Amino acid sequence: MNSTGNYKRHTVTAALPYANGPIHIGHLAGVYVPADIYVRYLRMKGEDVIYICGSDEHGVPITIKARQEGKTPQQVVDHYHSLIKDSFARFGISFDIYSRTSSPVHHETASEVFKTLYDKGAFTEKDSEQYYDAENNQFLADRYIMGTCPHCGYEKAYGDQCENCGTSLSPTDLISPRSVLSGNKPVMKKTRHWYLPLDKHEPMLRKWILESHKHDWKPNVYGQCKSWIDQGLQPRAVTRDLTWGVKLPLENTEGKVLYVWFDAPIGYISATREWGETHGRDWEKYWKDPESKLVHFIGKDNIVFHCIIFPVILNAEGSYILPDNVPANEFLNLEGDKISTSRNWAVWLHEYLDEFPGKEDVLRYVLCAAAPETKDNDFTWRDFQARNNNELLAIFGNFVNRTLVLTHKYFDGKVPEAGTLSASDEEALSSLGGFPEKIGQNIEQYRFREALAQMMNLARLGNRYLTEAEPWKIYKEDPERVKTVLNVCLQIVASMAVLSEPFLPHTAKKLQEMIALEKADWRGAGGSRLHPGHQINKAELLFEKIEDATIQAQVDKLLQTRKDNDAGREVEPQKEAVSFDDFTAMDMRVATILEAEKVPKTKKLLKMTVDSGIDKRTVVSGIAEYYKPEEVVGKKVVLLANLKPRKIKGIESHGMLLMAEDKDGSLAFLSPEKAFENGSTIS
RNA sequence: GGCGGGGUAGCUCAGGUGGUUAGAGCGUCGGAUUCAUAACCCGAAGGUCACGGGUUCAACUCCCGUCCCCGCUACCA
Numbered sequence: 125m126n127s128t129g130n131y132k133r134h135t136v137t138a139a140l141p142y143a144n145g146p147i148h149i150g151h152l153a154g155v156y157v158p159a160d161i162y163v164r165y166l167r168m169k170g171e172d173v174i175y176i177c178g179s180d181e182h183g184v185p186i187t188i189k190a191r192q193e194g195k196t197p198q199q200v201v202d203h204y205h206s207l208i209k210d211s212f213a214r215f216g217i218s219f220d221i222y223s224r225t226s227s228p229v230h231h232e233t234a235s236e237v238f239k240t241l242y243d244k245g246a247f248t249e250k251d252s253e254q255y256y257d258a259e260n261n262q263f264l265a266d267r268y269i270m271g272t273c274p275h276c277g278y279e280k281a282y283g284d285q286c287e288n289c290g291t292s293l294s295p296t297d298l299i300s301p302r303s304v305l306s307g308n309k310p311v312m313k314k315t316r317h318w319y320l321p322l323d324k325h326e327p328m329l330r331k332w333i334l335e336s337h338k339h340d341w342k343p344n345v346y347g348q349c350k351s352w353i354d355q356g357l358q359p360r361a362v363t364r365d366l367t368w369g370v371k372l373p374l375e376n377t378e379g380k381v382l383y384v385w386f387d388a389p390i391g392y393i394s395a396t397r398e399w400g401e402t403h404g405r406d407w408e409k410y411w412k413d414p415e416s417k418l419v420h421f422i423g424k425d426n427i428v429f430h431c432i433i434f435p436v437i438l439n440a441e442g443s444y445i446l447p448d449n450v451p452a453n454e455f456l457n458l459e460g461d462k463i464s465t466s467r468n469w470a471v472w473l474h475e476y477l478d479e480f481p482g483k484e485d486v487l488r489y490v491l492c493a494a495a496p497e498t499k500d501n502d503f504t505w506r507d508f509q510a511r512n513n514n515e516l517l518a519i520f521g522n523f524v525n526r527t528l529v530l531t532h533k534y535f536d537g538k539v540p541e542a543g544t545l546s547a548s549d550e551e552a553l554s555s556l557g558g559f560p561e562k563i564g565q566n567i568e569q570y571r572f573r574e575a576l577a578q579m580m581n582l583a584r585l586g587n588r589y590l591t592e593a594e595p596w597k598i599y600k601e602d603p604e605r606v607k608t609v610l611n612v613c614l615q616i617v618a619s620m621a622v623l624s625e626p627f628l629p630h631t632a633k634k635l636q637e638m639i640a641l642e643k644a645d646w647r648g649a650g651g652s653r654l655h656p657g658h659q660i661n662k663a664e665l666l667f668e669k670i671e672d673a674t675i676q677a678q679v680d681k682l683l684q685t686r687k688d689n690d691a692g693r694e695v696e697p698q699k700e701a702v703s704f705d706d707f708t709a710m711d712m713r714v715a716t717i718l719e720a721e722k723v724p725k726t727k728k729l730l731k732m733t734v735d736s737g738i739d740k741r742t743v744v745s746g747i748a749e750y751y752k753p754e755e756v757v758g759k760k761v762v763l764l765a766n767l768k769p770r771k772i773k774g775i776e777s778h779g780m781l782l783m784a785e786d787k788d789g790s791l792a793f794l795s796p797e798k799a800f801e802n803g804s805t806i807s
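Residue numbers (our numbering): 125 to 807.
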């Protein structure tokens, strides 16, 4: 089944990069490279396709970054938007438009969608109490509130998370909260928000995803959706109290904007609209005509937005189509560790382009060949080197070079005429004829690794054919035969020049110029494209060997990053001074753990009975990741005995066991050096 | 803990309504070759298909349980 056959046009979107950092190889391997291969292929087949992307520029993290850098949010997104846009262009990601959500057309589009849904009664309204900064006259996002972490006592915990102990919090958990803006204590104030009742759309989602896309969506995507739907969907707020974003198109809603997840996917639509307006094209049919095939390329972190929430918005709006597929990829790791923007553990696209000029396609090749299609995958520089040297260069580049060099050597660069075809010639040519279809099928099923491997098999076919035919041996006695052989080889090269284009666009262009191929259309790529007498140009090398030293330099760079991270992990700053009385208020005792068991349905909690010398009591502690119940029994530990009792997972915990925490977060008990009596005081 | 995805040769991955010797590429080893960027070509070695049970004439493929990795989620006084 050729799925493109049922559609008149294609709308392809790639996840909007968040404009608070540059693009790295994880983004590329997961989203932009596969999407780019997909659209380039469709274009070469003559399909009507638009490839849409842009920067996602709203949301709280950008306002925070702006504050930290003493800039306006607009300045922050301007910087990253141009950096991202520029590096995509240099890399050869062939968007029809790369727009941005801070653009007027987006604000207008997003407002319209909101307004339509509002008028249709698609939202529910709810009032709630939230922290408000009276001095600045604004409600405070979670990250705009700081306070003391109720868990570890860290005084600079944010309203959503304590960065000291990693606990996720809600603003009301914080002890003595203060506004990041004014430093004042925020007050609770009533605020109104609009919610999208996802639960009401469950029947539509069930039918659409669980029934009609059971077999054509990837297992990870389908499974995740099923899980969400089965667990029961909750209404989600679509508005926030913030000034940076798309303002609500309603009366008396000053200081409210669309929540970024509502506004961001609409960015695809706005970008399409902008494209339509600047190109004089009707953009709407790409989003509203059922004969348009909508495909979202995303990473796995985005599944819920693209498969549940955005479709609900589109469906509720009424005039839009739903995606035909959402081929989400897993994650790419780097040299064994998770890619991290904040830890600078990444290969940044703009840096790669500077450091490896002319090697865009090498990265495209490696990222496609090692794309995390079914599970997380690892990028290593050694692998990068091996794939360049042993595959691109040795197989692809080498076959092209052998063929062209021989053509120049024997026939002055003119395509020789094929004589009578032998069985092996016939076989090679017939095998060649199957490649466009084979590669295309894989691309249409989003199996880009396999498609790429097939493309390389074409070069292997050529190498094998050429080696077996041995024209350099027979040229003297049988030049006629050599004509045929090289004709066949040149047809294979011509096919490669076309079929490699979605994967290796720069290389394909170079190769097409080298053999003076005028038209690169997909369907004809399996047949004979070069006619006898056709003059080809000088052969140049398509790839060059990447030396150990080059790779070592990159590895060293990462090692340095790792070193910097370790060194940069500063020791916690000393807390504010406390009085001796504050200290003596704490009653710490030597205690012995008598019993221990895992708290059911938790990952971290151990319930223990300890002998404090004073009594035998229950303590619940989050140490199960580091200690098994049986190995803690009998241990002498330090107990903070007079901490107020607190229920954890329904169990009342009387006190807390003191732990030391390593920089990687692992925990260890504190124990007296000698086995003192239970109840011994600590001071 | 719950839910989802994954665990197949040194590495990256295919595979199958259950059915003779489990596939590919790269790496390794051997051979052949010189047109080619010491590349190509041929051949070989290499896997108890995470582990333990079960169903079956037959399981890597189905069922149950366990372990490990990733994501979402609950939990760290």
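Glycine included, C-beta positions come from ideal geometry on N, C-alpha and C.
None of these values were measured; they are calculated from a predicted model.
{"Query": "For S548, the nearest candidate out of A593, V524, H532 and Q509 (CA to CA)", "Result": "A593"}
{"Query": "V184 versus E637: straight-line alpha-carbon distance, rounded", "Result": "48 Å"}
{"Query": "Extent of the continuous beta strand (DSSP E) run through K600", "Result": "Here K600 belongs to no beta strand (DSSP E), and DSSP marks it neither H nor E."}
{"Query": "F455 beta carbon less than 7 Å from that of I829", "Result": "With the chain covering 125 to 807 only, the question about residue 829 has no answer from this structure."}
{"Query": "Within 7 Å, strictly: CB atoms of G537 and Q348", "Result": "no"}
{"Query": "Alpha-carbon spacing of S227 relative to T527, whole angstroms", "Result": "51 Å"}
{"Query": "Three-state class that DSSP yields for R647 in the structure shown", "Result": "helix"}
{"Query": "Distance CB(T135)-CB(Y410) smaller than 7 Å", "Result": "yes"}
{"Query": "Through-space distance from L553 to L473, alpha-carbon basis", "Result": "39 Å"}
{"Query": "Residues sharing a beta bridge with M780, DSSP", "Result": "L764"}
{"Query": "Span separating the alpha-carbon of G290 from that of I747", "Result": "Note that G290 scores 48 on pLDDT, short of 50, meaning its location in the model is unreliable; the coordinates nonetheless yield the value given after this. Going by the C-alpha atoms only, they are around 14 Å apart."}
{"Query": "Alpha helix (DSSP H) segment containing W385, residue limits", "Result": "V384 to H403"}
{"Query": "Where the beta strand (DSSP E) containing E479 begins and where it ends", "Result": "Note, E479: premise wrong, no beta strand (DSSP E); alpha helix (DSSP H) at L473 to E479."}
{"Query": "Endpoints, the alpha helix (DSSP H) within which I353 is located", "Result": "P343 to Q355"}
{"Query": "8 Å contact criterion, which H231 and V362 should meet: CB distance rounded", "Result": "That pair is no contact at about 15 Å."}
{"Query": "First through last residue of the beta strand (DSSP E) which encompasses N457", "Result": "L456 to L458"}
{"Query": "Simplified DSSP state of D485, which is helix, strand or coil", "Result": "helix"}
{"Query": "Element boundaries [beta strand (DSSP E), containing A720]", "Result": "M712 to K722"}
{"Query": "Integer Cβ distance of F800 from L781, believed to fall under 8 Å", "Result": "Contact flag wrong, Cβ pair sits at about 16 Å."}
{"Query": "Environment of K331 [buried if 16+ CB atoms lie within 10 Å]", "Result": "exposed"}
{"Query": "8 Å Cβ shell around M312 - same chain, five flanking residues per side excluded", "Result": "E253, Q254, Y255 and Y256"}
{"Query": "Alpha helix (DSSP H) segments (min. 4 residues) lying fully within the stretch 414 to 439", "Result": "none"}
{"Query": "Endpoints, the beta strand (DSSP E) within which V744 is located", "Result": "K740 to S745"}
{"Query": "Per-residue burial, V163 [other beta carbons within 10 Å of its own, 16 or more giving buried]", "Result": "buried"}
{"Query": "DSSP bridge partner residues for E326 (one or two, in chain order)", "Result": "Partner(s): none; E326 has no beta bridge."}
{"Query": "Secondary structure of T805, DSSP reduced to three states", "Result": "strand"}
{"Query": "Buried/exposed call for A395, threshold 16 Cβ in 10 Å", "Result": "buried"}
{"Query": "DSSP bridge partner residues for A547 (one or two, in chain order)", "Result": "Partner(s): none; A547 has no beta bridge."}
{"Query": "For L458, the nearest candidate out of D210, L556, P595 and I149 (CA to CA)", "Result": "I149"}
{"Query": "Whole-number beta carbon distance between H532 and A663, since they are thought to touch under 8 Å", "Result": "6 Å"}
{"Query": "For G290, the three-state DSSP class (helix, strand or coil)", "Result": "Low confidence applies here, because G290 scores a pLDDT of 48, under 50, leaving its location unreliable and the question unanswered by this model."}
{"Query": "Spatial distance of K169 from N566 (CA atoms)", "Result": "14 Å"}
{"Query": "Assigned exposure category for H809 - 16 Cβ within 10 Å defines buried", "Result": "Absent from the model: residue 809. The displayed extent of the chain is 125 to 807, so no value can be given."}
{"Query": "Assigned exposure category for W368 - 16 Cβ within 10 Å defines buried", "Result": "buried"}
{"Query": "C-alpha gap between I670 and N512, whole angstroms", "Result": "7 Å"}
{"Query": "Whether A621 touches L635 by CB criterion (7 Å)", "Result": "yes"}
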